[in-house]
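Just so you know, the protein sequences line up as chains A and B, in that order.
Sequential numbering of the first sequence, starting at 191, is according to my numbering.
Sequential numbering of the second sequence, starting at 2, is according to my numbering.
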Amino acid sequence: MTKRYWNEYQKEIADDHYFYERSCIRQTFFPGSETAFLKIMRDELHKDIYDEENQHTCTGIGYHSDIVPLETTMTVVARLFSLMNAAGYTNYVPSCVTSFGIFTEMVEIWKHNPAMLEKTREYLRKATGREFEPPANLVHPSDIIYKFRMELKEKMKYQLVNRFTGKPLRAVEHVGCHYAKIFPEKGIGKSEFPHVLVGMIEAWGGEVIDYPERRHCCGFGFRHYLLQENRGYSVANSKKKFESMEPYEPDFILTNCPGCAMFMDKWQYTIAEMENKTYDKEGYGIPVLTYEELTGLLLGYDPWKLGLQLHQVQSENLLNKIGIKYNPDEKYRGADGQILPIPNRPKFLKQ
Amino acid sequence: MGNLFDLLSEDSRFNDALKACMNCGICTAICPAAEFYDYDPRKICDTIQRKDENAIEALLRSDMIWACGQCLSCKTRCPRGNVPGEIILILRKYAQIQGYCGDFVRQQQHQLAETVGKNILEIGYCVHPDRVSPAKHPEQGPIWEWYVQNIEQVAPKLGANYHGEGPGALRKIREENLEEIRKIYECTGGQKLMDKLLNE
Numbered sequence: 191m192t193k194r195y196w197n198e199y200q201k202e203i204a205d206d207h208y209f210y211e212r213s214c215i216r217q218t219f220f221p222g223s224e225t226a227f228l229k230i231m232r233d234e235l236h237k238d239i240y241d242e243e244n245q246h247t248c249t250g251i252g253y254h255s256d257i258v259p260l261e262t263t264m265t266v267v268a269r270l271f272s273l274m275n276a277a278g279y280t281n282y283v284p285s286c287v288t289s290f291g292i293f294t295e296m297v298e299i300w301k302h303n304p305a306m307l308e309k310t311r312e313y314l315r316k317a318t319g320r321e322f323e324p325p326a327n328l329v330h331p332s333d334i335i336y337k338f339r340m341e342l343k344e345k346m347k348y349q350l351v352n353r354f355t356g357k358p359l360r361a362v363e364h365v366g367c368h369y370a371k372i373f374p375e376k377g378i379g380k381s382e383f384p385h386v387l388v389g390m391i392e393a394w395g396g397e398v399i400d401y402p403e404r405r406h407c408c409g410f411g412f413r414h415y416l417l418q419e420n421r422g423y424s425v426a427n428s429k430k431k432f433e434s435m436e437p438y439e440p441d442f443i444l445t446n447c448p449g450c451a452m453f454m455d456k457w458q459y460t461i462a463e464m465e466n467k468t469y470d471k472e473g474y475g476i477p478v479l480t481y482e483e484l485t486g487l488l489l490g491y492d493p494w495k496l497g498l499q500l501h502q503v504q505s506e507n508l509l510n511k512i513g514i515k516y517n518p519d520e521k522y523r524g525a526d527g528q529i530l531p532i533p534n535r536p537k538f539l540k541q
Numbered sequence: 002m003g004n005l006f007d008l009l010s011e012d013s014r015f016n017d018a019l020k021a022c023m024n025c026g027i028c029t030a031i032c033p034a035a036e037f038y039d040y041d042p043r044k045i046c047d048t049i050q051r052k053d054e055n056a057i058e059a060l061l062r063s064d065m066i067w068a069c070g071q072c073l074s075c076k077t078r079c080p081r082g083n084v085p086g087e088i089i090l091i092l093r094k095y096a097q098i099q100g101y102c103g104d105f106v107r108q109q110q111h112q113l114a115e116t117v118g119k120n121i122l123e124i125g126y127c128v129h130p131d132r133v134s135p136a137k138h139p140e141q142g143p144i145w146e147w148y149v150q151n152i153e154q155v156a157p158k159l160g161a162n163y164h165g166e167g168p169g170a171l172r173k174i175r176e177e178n179l180e181e182i183r184k185i186y187e188c189t190g191g192q193k194l195m196d197k198l199l200n201e
């Protein structure tokens, strides 16, 4: 019998009453995913989740790019926790995987180094007059979707089954590095066998592809993507993954990290335009979905309100395989129904 | 010049980041940066734990320490629980403080302070669609260009509150919140580092 290692590494995920913290990258590139997550929590799962208007960046991208000192990031994190305290919540849910790593690291430092906790309290008090307490429960939103995946399945209109063949759709899952590589015990299934996305895919009828570079980084690299002259590092790492997954012919890629979703989408376009190469057979590329988008799609949400039109690799072929109904005329319309210009087409990547 | 090993050890992260390296090299084997650059986290750990001051100074002055992409895959695999990626953060911190960075690295850190650094202090986001210009990001492709050109119509369709008051994605972060971030920067050394990077 196959040993299910991930079963040994479960984590505590609060049942209700969450304080939601938004992600800089998610808001920038896929804001519809955060909207969908809140809708799923409130309308489908009937949970209490608070969206604080005074929140801000955790500075994590700056911290890992060496332009923000540890003490500064730590105190900015403390301010965010003080907002959670003031709103009456104890369960903190950061949308970003980089933030999840940052918050987890700060809480761990404070646990093992009470002097740093006291120093952070002093900094925050001096700078803002605020006090704070760390959260009782700190989880990523993908943990919550994982926890309630069976309840959500009961409400879903679609399954991850190819309606033309009747077979499960084949998915590549990509878990953001900072979800479990820094603190393996904080991720469902730990870092070598993370189960957070696998659990969703399998529960909803799909099949997970195991491929050699499954755990390789998407290539963000912080200063490497952010500096134009360093971006070769970033695209090369994604390319390594695409080449490794190509023989398995995935129907789609699922991610839980805002950055990974964007990079694996945009680098497919870049490689297609540079090398006339795609990693599917038809030349459209492999669609990359966020876990919020996938959940929303299977629940029957409008793909164009989820924001699938913001992906450079188009998803219509996948929607057709699942059997999801959508109105193509709505794709490039604005909020009030106004017709917007059609985006330019890439030279090589089919749309 | 003081003792560089002692200086590195003063960082609160140091003892957890480097316990004892046995030179197995698994960090280098798993490292995406080692595959792409002339970079070897095993050698870095070894150089530091040998406490050879000249070698540590050479390391701090080298471009090699700027190759790490901070994925932290090394943390997962190290059988001794070392965190080479965290050691890198400490080395980079002191390379900047000691003024050891070469011209190219200084120029790059300046650029990061001009972009991400100013984004944090001016608008409260590390990245924001207003500051990801299609001209400087050709890899983002024509859809990104379309989104930026039509964001006022598209963002609300996706439930975003672009430049709006109140909660929501891409909301305007109010001045009183930004002011608290700036005060935190002032009292924790963040502004001092920003000033240094921006003036270099």
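Glycine included, each C-beta is placed from N, C-alpha and C at the ideal position.
Range covered by the beta strand (DSSP E) that runs through residue i
i         : result
A:Leu-479 : 478-480
A:Glu-243 : Element bounds for A:Glu-243: n/a, residue is neither H nor E.
A:Asn-281 : 281-284
A:Thr-445 : 442-445
B:Glu-11  : Counting along the chain, B:Glu-11 falls outside any beta strand (DSSP E), and DSSP gives it neither H nor E.
A:Cys-212 : This sequence places Arg at residue 212 of chain A; Cys is not what is there. No beta strand (DSSP E) contains A:Arg-212, which DSSP labels as neither H nor E.
CB contact below 8 Å: residue i versus chain A
i         : result
B:Ala-35  : no
B:Ser-74  : yes
B:Met-2   : In this predicted model, B:Met-2 has a pLDDT of only 49, less than 50, meaning its place in the structure is not dependable enough to derive any value.
B:Lys-52  : no
B:Arg-93  : yes
B:Ile-49  : no
B:Leu-5   : no
B:Tyr-186 : yes
CB contact below 8 Å: residue i versus chain B
i         : result
A:Lys-376 : no
A:His-236 : no
A:Asp-470 : no
A:Lys-316 : yes
A:Arg-255 : Here residue 255 of chain A turns out to be Ser, not Arg, going by the sequence shown. Yes, contact with chain B.
A:Thr-247 : yes
A:Lys-371 : yes
A:Pro-533 : yes
A:Ile-215 : yes
A:Tyr-423 : yes
The alpha helix (DSSP H) enclosing residue i, as first and last residue numbers
i         : result
A:Tyr-253 : 250-254
B:Ile-174 : Looking at the DSSP string, B:Ile-174 is not in any alpha helix (DSSP H), and its letter there is neither H nor E.
B:Val-149 : 142-150
A:Tyr-423 : 421-435
B:Arg-62  : 54-62
Interface partners of residue i on chain B, CB under 8 Å
i         : result
A:Ser-332 : The contacting residues do not exist; A:Ser-332 stays about 18 Å from chain B at best.
A:Ile-251 : Val-117, Cys-127, Val-128
A:Met-306 : Ser-13
A:Leu-387 : Ordered by position in chain B, no residue passes the 8 Å Cβ test against A:Leu-387, which lies about 17 Å from the chain.
C-beta contact flag for residue i and residue j at 8 Å
i         : j         : result
A:Tyr-369 : A:Cys-248 : no
A:Arg-360 : A:Tyr-438 : yes
A:Tyr-208 : A:Leu-228 : no
A:His-501 : A:Asp-455 : yes
B:His-111 : B:Glu-201 : yes
A:Lys-521 : A:Glu-472 : no
A:Leu-508 : A:Phe-432 : no
A:Leu-342 : A:Gly-396 : no
A:Ile-476 : A:Pro-518 : no
A:Cys-408 : A:Gly-379 : no
B:Ile-91  : A:Thr-262 : no
Contacts that residue i makes with chain A (C-beta to C-beta distance below 8 Å)
i         : result
B:Cys-79  : Those within 8 Å of B:Cys-79 in chain A number zero; the least Cβ separation is about 11 Å.
B:Thr-189 : Pro-259, Glu-261, Thr-262, Met-264, Thr-265, Tyr-313, Ala-317
B:Tyr-40  : Result: empty, since nearest Cβ-Cβ is about 10 Å, beyond 8 Å.
Contact set between residue i and chain B, taken where Cβ atoms lie within less than 7 Å
i         : result
A:Gly-379 : Ordered by position in chain B, no residue passes the 7 Å Cβ test against A:Gly-379, which lies about 13 Å from the chain.
A:Lys-495 : Lys-158, Leu-159
Under 9 Å from the C-beta of residue i: neighbouring residues of chain B
i         : result
A:Tyr-336 : Under the 9 Å cutoff, chain B gives no residues; its nearest Cβ is about 20 Å from A:Tyr-336.
Interface partners of residue i on chain A, CB under 7 Å
i         : result
B:Pro-168 : Asp-241, Glu-242, Glu-243
B:Pro-157 : Ala-525
B:Gly-142 : Lys-456, Tyr-459, Gln-502, Pro-536
B:Gln-99  : The premise fails here: B:Gln-99 is roughly 14 Å from chain A at the closest Cβ pair, so nothing lies under 7 Å.
B:Arg-172 : Glu-243
Within chain C, the residues that residue i reaches when beta carbons sit closer than 8 Å
i        : result
B:Ile-57 : Here chain C cannot be found, since the structure's protein chains are A and B.
Short-range partners of chain B found in the segment 403-418 of chain A, where Cβ spacing is below 8 Å = Arg-405, His-406, Cys-407, Gly-409, Phe-410, Gly-411, Phe-412, Arg-413, His-414, Leu-416, Leu-417, Gln-418
Taking a Cβ distance cut-off of 7 Å, strictly less, list which residues of the segment 125-139 of chain B are near chain A, in chain order.
-> Gly-125, Tyr-126, Cys-127, Val-128, His-129, Pro-130, Val-133, Lys-137
Give, in chain order, every residue of the segment 7-30 of chain B whose Cβ lies closer than 9 Å to some Cβ of chain A.
-> Asp-12, Ser-13, Arg-14, Asp-17
Select from the segment 217-235 of chain A all residues with a C-beta closer than 9 Å to any C-beta belonging to chain B, and list them in chain order.
-> Gln-217, Thr-218, Phe-219, Phe-220, Pro-221, Gly-222, Ser-223, Glu-224, Thr-225, Ala-226, Leu-228, Lys-229
Compile a chain-ordered list of the residues in the segment 426-455 of chain A whose CB is closer than 7 Å to at least one CB of chain B.
-> Ala-426, Asn-427
Mind checking the segment 291-302 of chain A against chain B and listing, in chain order, the residues whose C-beta falls within less than 8 Å of any C-beta there?
-> Gly-291, Ile-299, His-302
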